[in-house]
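These notes are about the structure you will find just below.
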Amino acid sequence: MSKIDELLVDVARLVESGQSNQMSLTVVTGGAVITGRLAPEAVWRQRVSEVLADSDRLAEFSAVFAAGGGQEPPTHLHFHMARILQGTVGIPETGGMYRVSIADISAWTMGDVTYSDH
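Counting with this note's numbering, you get residues 43 to 160 for the letters of the sequence shown.
So, in structure tokens, the structure goes:
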């Protein structure tokens, strides 16, 4: 986006306030469509840290995600239980965790876009 969408920043700010992790959003960024629920950055970082800590190969990266976060105003959206939509497929099927720069979002809508193979 050439000019950051202040409404989207306000949505991110409310999510960051920790009031809820139930906000579903779909964004277009770099030609990709990402859909899922937003989480506060601290919650997102903690969950990524836990997943990495449980990995035999990636545990050393866990500490990087456990520290930091919480910029004001928010500069990124933190998706959990999210999918990248490609045709009729959502990747990964079970949902993933994505960090998306608000400045790179070209379009967005409220809600989690569903997909179907029918």
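Cβ atoms here follow ideal geometry from the backbone N, Cα and C, with glycine treated the same way.
Review point. From L119 to L100, what does the alpha carbon distance come to, in whole angstroms?
Key: 24 Å
Review point. How would you write the range of the beta strand (DSSP E) that L49 sits in, first residue to last?
Key: Looking at the DSSP string, L49 is not in any beta strand (DSSP E); the run it does join, the alpha helix (DSSP H), is 48-58.
Practice item. Going by CA-CA distance only, name the one from T117, V106, R125 that's closest to L50. Key: T117
Point to revise | CA-to-CA distance, F121 to Y140, given in whole angstroms | key: 5 Å
Review point. Which residues in the same chain as G60 place their Cβ atom closer than 7 Å to its Cβ, once the five residues preceding and following it in sequence are excluded?
Key: P82
Check your understanding: Taking Cβ to Cβ, would you say T14 is nearer than 8 Å to T68?
Key -> Because the chain in this structure spans residues 43 to 160, residue 14 falls outside the shown range and cannot be described.
Review point. What three-state label does DSSP hand E135 in the structure shown?
Key: strand
**Study point:** Residues near A149 in its chain [Cβ-Cβ closer than 8 Å; skip 5 each side]
**Key:** V69, V70
Point to revise | Burial state of G153, where buried means 16 or more other Cβ atoms lie within 10 Å | key: exposed
Check your understanding: Can you list, in chain order, the stretches of the alpha helix (DSSP H) that have 4 or more residues and sit fully within the segment 83-145?
Key -> 83-95, 104-108
Practice item. Assuming R79 contacts A108 (C-beta within less than 8 Å), just tell me the rounded distance between them. Key: Actually they do not touch by this definition, with Cβ atoms about 21 Å apart.
Check your understanding: Using a Cβ-Cβ cut-off of 6 Å (strictly less than) and excluding sequence neighbours within five positions of S104, which residues of its own chain qualify?
Key -> S91, L94, A95
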